[in-house]
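In the working numbering, the protein residues as written are 9 to 482. What follows is a set of notes on a single structure, which appears directly below.
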């Protein structure tokens, strides 16, 4: 379905200029033998600055097929090692979006400081007020939160949208412009059309006060000795920050009905009331979407044996795929062993979770699948020069969404996700610095010759298919 622009939300055209040119360059290098001439609609030149794959991906894939003695192409064989996602294949015209991320839209701003601020709340609150009113130059700004997953997914060829809150301020304009440039198709406000009729406080058209309408910011304070700390509204509450959101707006419901996947992270529960988060997940699931949950750094806050614990149990109950680091998995499950933690998630009473993935950093990742027989799949990490691990897990998740919703084999999905995370680690920071398709393809190609089960080759095919489908949509 198509959504018409209306007051209260912004729309973004598909594939803004620099993203389209970069993606087209990559796709147009694929040989004519692999796709009909109608796919070649975009220019093969690129002024975007994004990397160009040096050889035709299709020709490369064909070469590997001819020499499959070096890499056994077992990915399509009927064996436990090649189990595919149990998800419905929600692609093509069946759904408007491949992925929608719920809330956690923010702007990260790096601030160089002579020393880190005092730890007391009063000093930090004043600092937050001062920095918000007088921010450093825009060159120090970057989008953060769920935008990492959104941007990575868009670059992998997925049709992406967001449900969340962006304020009518300079930070909101920056965030909107970046997402538009990255091909994010829609930003649907979770705060739309609030009732302000009973309030004497001056509000905007959606019934929000100035404070409520503000775009969420996170200041990254960096001292000369490389020590750093963070300062944001997350630190002070009251939580959830958008406590005034009591129901899902109609526009949000339409978006949830129109997606193949919904991504939720732990920070969302600091922003949106838990009953709204669960209602959104249930609504998407009723429409046929798969729900992905990553508790992230907020994992430790869910062990209060109160409302937070109840919220964790509720989101786990409706999650089809759960992703965690080893440390987060231990906080959530109590198990320090990756496989044991994953099995705990799958074996919860009434659980519907099909995949639980535990990310192990330089050691790779482990996926435990519900069927057949709680199969265990290990993925070694690719060896790369790591510059920054920020955003690696977020971009990893984007590849998992792609593979799960399109029923690709688990080993190939894990190989692709590993390459996407590794490509992000080779850069500095997240947001617009997450993995590009060119870098992912290069890493996968470098791994093919030493691959024993064909997963890296199949992951290349997976990436190619997704980008071709994206090109057709454009």
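Each residue gets a CB set at the ideal place from its N, CA and C atoms; glycine is no exception. Please read all numbers here as calculations on a predicted model, not as lab measurements.
Between residue 422 and residue 375 the beta-carbon gap is near 6 Å, inside 8 Å, which marks them as a contact. The Cβ atoms of residue 200 and residue 295 lie no closer than 7 Å to each other. Around the C-beta of residue 441, 16 or more other C-beta atoms lie within 10 Å, and the residue is accordingly described as buried.
Note on residue 142: under 16 other CB atoms within 10 angstroms of its CB, so exposed under the neighbour-count rule. In the structure shown, the three-state DSSP call for residue 251 is coil. Counted as a single uninterrupted DSSP element, the beta strand (DSSP E) harbouring residue 301 occupies residues 298-302. Rounded to whole angstroms, the gap between the alpha carbons of residue 171 and residue 177 is 18 Å.
Residue 160 is positioned such that its CB atom lies no closer than 7 Å to that of residue 193.
For the alpha helix (DSSP H) assignment, the uninterrupted runs of no fewer than 4 residues enclosed by the segment 258-312 are, from N- to C-terminal side, 258-265, 276-279, 282-294. Your pair residue 157 and residue 406 checks out as a contact, with CB atoms roughly 5 Å apart and the cut at 8 Å. By the 16-neighbour rule on beta-carbons within 10 angstroms, residue 236 is exposed. Leaving aside the five residues that flank residue 227 on each side, the residues in its chain whose CB is nearer than 6 Å to its CB run, in chain order, 117, 119, 139, 239. Between residue 398 and residue 437, the C-beta spacing is below 7 Å.
Within the model, the alpha-carbon separation for residue 452 versus residue 129 is close to 47 Å. For residue 139, the enclosing alpha helix (DSSP H) starts and ends at 129-141. Here residue 163 is near residue 445, since their CB atoms are less than 7 Å apart. Under the Cβ criterion (8 Å, minimum of three pairs), the segment 145-152 does not count as touching the segment 266-281. Around residue 467, the same chain offers 420, 421, 423, 424, 427, 452 as residues with beta carbons nearer than 8 Å, after the five sequence neighbours per side are excluded.
In the three-state scheme derived from DSSP, where H, G and I count as helix and E and B as strand, residue 343 is classed as coil. Ranked by how close their Cα comes to the Cα of residue 289, the residues 310, 266, 304, 306 have 266 in first place.
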